[in-house]
Amino acid sequence: MDTPLEIAGKMFTSRFLLGTGKFKNKTDLAQSIEASKTEIVTVALRRIDLERHDENILEYIPRNVTLLVNTSGARNAKEAVRIARLAKEAGYGNWIKIEVINDSKYLLPDNQETVKATEILAAEGFVVLPYMYPDLYAARALVQAGAATVMPLGSLIGSNRGLKVKEFIQILIDEIDIPIVVDAGLGAPSHAAEAMEMGADAVLVNTAVATAGNPALIAQAFAMAVEAGRLAYLSKLPPPKNNADASSPLTGFLYDQSR
Amino acid sequence: MHIMINGQKKEIFAAQNLREIVDRFSSNPAALIAEVNGTIVKKAQWDAVSVNDGDTIELVSFVGGG
Chain A
12 MDTPLEIAGK
22 MFTSRFLLGT
32 GKFKNKTDLA
42 QSIEASKTEI
52 VTVALRRIDL
62 ERHDENILEY
72 IPRNVTLLVN
82 TSGARNAKEA
92 VRIARLAKEA
102 GYGNWIKIEV
112 INDSKYLLPD
122 NQETVKATEI
132 LAAEGFVVLP
142 YMYPDLYAAR
152 ALVQAGAATV
162 MPLGSLIGSN
172 RGLKVKEFIQ
182 ILIDEIDIPI
192 VVDAGLGAPS
202 HAAEAMEMGA
212 DAVLVNTAVA
222 TAGNPALIAQ
232 AFAMAVEAGR
242 LAYLSKLPPP
252 KNNADASSPL
262 TGFLYDQSR
Chain B
5 MHIMINGQKK
15 EIFAAQNLRE
25 IVDRFSSNPA
35 ALIAEVNGTI
45 VKKAQWDAVS
55 VNDGDTIELV
65 SFVGGG
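Next comes the structure, spelled out in structure tokens:
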């Protein structure tokens, strides 16, 4: 009964994007990817270790999963563009998650530089999924710049605190016509379900899965929560009320006396 | 001669091409991307591009990330 998630003309059944950072080992990563049923995973680009470079993370990511390379480490648009161009050269597609962070304390995305990078890369034919602070003007500028999705944070990256900026994400969901992917801060499956119930098109989770005691198990839980939240949204769930409203009929009680 | 590779100064004894440099520093160059003096060099060109004294090389690859 659900329609697939469409990003840049590509259809996805899963609405759960998984990050690959912070996993204790590659077995946990591979099992989590499988359990999550994800169809899009993020990776980062780094200098190789000149003393011992032998590992290739892509060997643990199934080929049918879309690779979304992030520009983490970029402090401005120029650095993000450079990382994106390097990533494309590896030959694993042109999907790029713009992540421009210039604050080492809060790790908040720089919306202005993110818009600039999106404009340049979208014009070069990249499929651009920008990570951003949920601001309506910035989101509109990203759409204008050619973004394929808008990815607002739920709370500080890696904080597991859930939807701290819920009302502002709701504004983006209501006003922006391209997919909204809630990225960063979702620490429990209930947070993911909440985002999906609100009408988010998908969520991206990394820390909560990678650092859980059993990553594959929580990956499965997140996948179920995303699905549950999505179905609830599609069901047009009823709004909260201030007053009690009995679920059982208020007539025909056994002790009713006729007068 | 000396080259700067991934921010480190390294000594190279004979003239080498980029592929030889890559092979020296990586045992898994499958998903490796190379940049010489700020310009990306496609894998197909690695044999043809010679590395010269003072060159700045970046070798990058994918790692886990969110």
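Sequences listed follow chains A and B, in order. When you line the first sequence up against our numbering, it's residues 12 to 270, in that order. When you line the second sequence up against our numbering, it's residues 5 to 70, in that order. Glycine included, each C-beta is placed from N, C-alpha and C at the ideal position. None of the values given here were measured: they were computed from a predicted structure.
Quiz item: If the cut is a Cβ gap below 7 Å, which residues of chain A does B:I7 touch?
Solution: Taking the second sequence and counting its residues from 1, the one referred to as residue 7 of chain B is at position 3. None at all; the shortest Cβ gap to chain A is about 12 Å.
Quiz prompt | Pairwise C-alpha distance: A:V76 and A:F233 | solution = On the first sequence, residue 233 of chain A is found 222 positions in, with the first residue counted as 1. On the first sequence, residue 76 of chain A is found 65 positions in, with the first residue counted as 1. So the two alpha carbons sit approximately 18 Å from each other.
Quiz item: Given that B:L36 touches chain A, what residues does it touch there, using C-beta distances under 9 Å?
Solution: Within the second sequence, the letter at position 32 stands for residue 36 of chain B. Within 9 Å Cβ-Cβ: I59, H64, N67 and A101.
Quiz prompt | B:T43 - DSSP class collapsed to helix/strand/coil | solution = If you number the second sequence from 1, residue 43 of chain B lands on position 39. When secondary structure is reduced to three states using DSSP, B:T43 falls in the strand class.
Exercise. At 8 Å on the CB atoms, spell out the chain A contacts of B:N32, in chain order.
Key: Within the second sequence, numbered from 1, the residue matching residue 32 of chain B stands at position 28. Under the 8 Å cutoff, chain A gives H64, D65, E66 and N67.
Practice problem: State the beta-bridge partners of A:I109 as determined by DSSP. | Solution: Counting from 1 along the first sequence, the entry for residue 109 of chain A is found at position 98. DSSP lists A:P141 as partners of A:I109.
Quiz item: Name the chain B residues that come within less than 8 Å of A:V54, Cβ to Cβ?
Solution: On the first sequence, residue 54 of chain A is found 43 positions in, with the first residue counted as 1. Those are F66, V67, G68 and G69, listed as they occur along chain B.
Quiz prompt | Helix, strand or coil at A:D194 according to DSSP, with G and I counted as helix | solution = Within the first sequence, numbered from 1, the residue matching residue 194 of chain A stands at position 183. It is a strand residue.
Practice problem: For A:T129, name the three-state secondary structure that DSSP assigns. | Solution: Position 118 of the first sequence, counted from the start, is the residue given in the question as residue 129 of chain A. A:T129 falls in the helix class under three-state DSSP.
Self-check item: Beta carbon of A:A213 nearer than 8 Å to that of A:G165
Solution: For the purposes of this step, residue 213 of chain A is identified with residue 202 of the first sequence, where counting begins at 1. For the purposes of this step, residue 165 of chain A is identified with residue 154 of the first sequence, where counting begins at 1. In this structure, A:G165 does not lie closer than 8 Å to A:A213 by Cβ.
Quiz item: In the structure shown, what three-state DSSP assignment does A:H64 receive?
Solution: Stepping through the first sequence from its first residue, residue 64 of chain A is reached at position 53. Coil.
Practice problem: Indicate the three-state DSSP secondary structure (helix, strand or coil) for A:V76 in the structure shown. | Solution: Sequence index remark: in the first sequence, residue 76 of chain A carries index 65 (1-based). Coil at A:V76, not helix or strand.
Quiz item: Under 8 Å Cβ-Cβ, which residues of chain A neighbour B:N21?
Solution: For the purposes of this step, residue 21 of chain B is taken as the residue at position 17 of the second sequence. The contacting residues do not exist; B:N21 stays about 18 Å from chain A at best.
Quiz item: Among the residues of its own chain, which have a CB less than 6 Å from the CB of A:I6, if the five just before and after it don't count?
Solution: Since the first residue shown for chain A is 12 and the last is 270, residue 6 of chain A is missing from the structure and cannot be characterised.
Exercise. Report the rounded CA-to-CA distance for A:E50 versus A:L28, giving the unit in angstroms.
Key: Position 39 of the first sequence, counting from 1, holds the residue named residue 50 of chain A. Position 17 of the first sequence, counting from 1, holds the residue named residue 28 of chain A. In a straight line, the C-alpha of A:E50 is about 7 Å away from that of A:L28.
Quiz item: Can you pull the DSSP bridge partners for B:N32?
Solution: In the second sequence, residue 32 of chain B corresponds to position 28, counting from 1. Beta-bridge pairing links B:N32 to no other residue.
Quiz item: A:S25 to A:I44, Cα distance in whole Å?
Solution: Along the first sequence, one-based indexing puts residue 25 of chain A at 14. Along the first sequence, one-based indexing puts residue 44 of chain A at 33. Taking the straight line from one Cα to the other gives about 12 Å.
Quiz prompt | Inter-residue Cα distance where the pair is A:D146 and B:V55 | solution = For this step, residue 146 of chain A is matched to residue 135 along the first sequence. For this step, residue 55 of chain B is matched to residue 51 along the second sequence. Going by the C-alpha atoms only, they are around 47 Å apart.
Quiz item: Which residues in chain B sit within 8 Å of A:P173, going by Cβ to Cβ distance?
Solution: Stepping through the first sequence from its first residue, residue 173 of chain A is reached at position 162. Going by the sequence as given, residue 173 of chain A is Gly instead of Pro. At a C-beta separation below 8 Å, A:G173 has no neighbours in chain B, since its nearest C-beta there lies roughly 16 Å away.
Exercise. Could you tell me the boundaries of the alpha helix (DSSP H) in which A:G240 lies?
Key: Translated into the one-based positions of the first sequence, residue 240 of chain A becomes position 229. P226 to L245 is the extent of the alpha helix (DSSP H) around A:G240.
Practice problem: Taking B:F71 as the query, report the chain A residues whose CB atoms sit under 8 Å from its CB, ordered along the chain. | Solution: Outside the modelled stretch of chain B, which goes from 5 to 70, sits residue 71 of chain B, for which no answer is possible.
Exercise. Measure from the C-beta of B:Q49 to each C-beta in chain A and report whether the shortest distance is under 8 Å.
Key: Here residue 49 of chain B corresponds to residue number 45 of the second sequence, with the count starting at 1. Answer no: the Cβ-Cβ gap between B:Q49 and chain A never drops below 8 Å.
Practice problem: Over the uninterrupted alpha helix (DSSP H) stretch that includes A:A206, give me the two end residues. | Solution: One-based indexing of the first sequence puts residue 206 of chain A at position 195. Run containing A:A206: P200 to M209, per the alpha helix (DSSP H) assignment.
Self-check item: Inter-residue spacing [alpha-carbon to alpha-carbon] between A:A91 and A:D13
Solution: Position 80 of the first sequence, counted from the start, is the residue given in the question as residue 91 of chain A. Position 2 of the first sequence, counted from the start, is the residue given in the question as residue 13 of chain A. Going by the C-alpha atoms only, they are around 35 Å apart.
Quiz item: Taking the continuous beta strand (DSSP E) assigned at A:S47, which residues delimit it?
Solution: Indexing the first sequence from 1 puts residue 47 of chain A at position 36. Where A:S47 is concerned, there is no enclosing beta strand (DSSP E), although the alpha helix (DSSP H) it sits in stretches over K37 to S47.
Exercise. Would you please verify whether the beta carbon of B:N10 is less than 8 Å from any beta carbon of chain A?
Key: Start at 1 with the first residue of the second sequence, and residue 10 of chain B comes out as number 6. Yes, contact with chain A.
Self-check item: Chain-ordered chain B contacts of A:T31 [CB-CB under 7 Å]
Solution: Your numbering for residue 31 of chain A matches position 20 in the first sequence. What A:T31 touches in chain B: G68 and G69.
Quiz item: According to the Cβ coordinates, are A:I107 and A:V138 closer than 8 Å?
Solution: In the first sequence, counting from the first residue as 1, residue 107 of chain A sits at position 96. In the first sequence, counting from the first residue as 1, residue 138 of chain A sits at position 127. With respect to A:V138, A:I107 sits close: the two C-beta atoms are nearer than 8 Å.
Exercise. Please name the residue in A:S246, A:I229, A:V176 and A:M207 whose C-alpha comes closest to that of A:L16.
Key: One-based indexing of the first sequence puts residue 16 of chain A at position 5. Ranking A:S246, A:I229, A:V176 and A:M207 by Cα distance to A:L16 puts A:M207 first.
Self-check item: Closest by C-alpha distance to A:F179, when choosing among A:P250, A:G169, A:V193 and A:P251
Solution: Locating residue 179 of chain A in the first sequence gives position 168, counting from the first residue. It is A:V193.
Quiz prompt | Identity of the residue in A:A133, A:V237 and A:G169 nearest A:Q155 by Cα | solution = The sequence position of residue 155 of chain A within the first sequence is 144, counting from 1. For the residues A:A133, A:V237 and A:G169, the minimum Cα distance to A:Q155 belongs to A:A133.
Practice problem: Taking only beta-carbon positions, decide if A:F34 is within less than 8 Å of chain B. | Solution: For this step, residue 34 of chain A is matched to residue 23 along the first sequence. Yes, its Cβ sits closer than 8 Å to a Cβ of chain B.
Self-check item: Strand pairing of A:E17, partner residues [DSSP]
Solution: Working through the first sequence from its first residue, we reach residue 17 of chain A at position 6. Per DSSP, A:M22.
Quiz item: In chain D, which residues lie with their C-beta within 9 Å of the C-beta of B:E62?
Solution: The structure shown contains no chain D; its protein chains are A and B.
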